[in-house]
Amino acid sequence: MKKNITKPTSKERINVIMSYALMLLDEGKENIAERYKNREHMTLKEVELAKEHAAYIRDRQKKLMRGT
Numbered sequence: 019m020k021k022n023i024t025k026p027t028s029k030e031r032i033n034v035i036m037s038y039a040l041m042l043l044d045e046g047k048e049n050i051a052e053r054y055k056n057r058e059h060m061t062l063k064e065v066e067l068a069k070e071h072a073a074y075i076r077d078r079q080k081k082l083m084r085g086t
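Position 60 (the sequence shown) corresponds to 78 in my numbering; numbering is contiguous.
See below:
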């Protein structure tokens, strides 16, 4: 029996990934991010994508602060 899994590229999943990435950026809110990840049943691939995106956002913020 085949499971009906939503596509990770669907708008809903992209919103979940982006929300998780923004939660990862907040200092001291790791437990909230962890509960959100569990509640949304995020896959490992989605978690890795969110971590990459959070790193990208953090990098862009540093560049903006330096003014380059």
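Ideal Cβ placement from N, Cα and C applies to all residues, glycine included.
Asked	Found
Backbone CA spacing between Arg76 and His59 [nearest angstrom]	25 Å
Limits of the unbroken alpha helix (DSSP H) element including His71	62-84
For Glu45, the three-state DSSP class (helix, strand or coil)	coil
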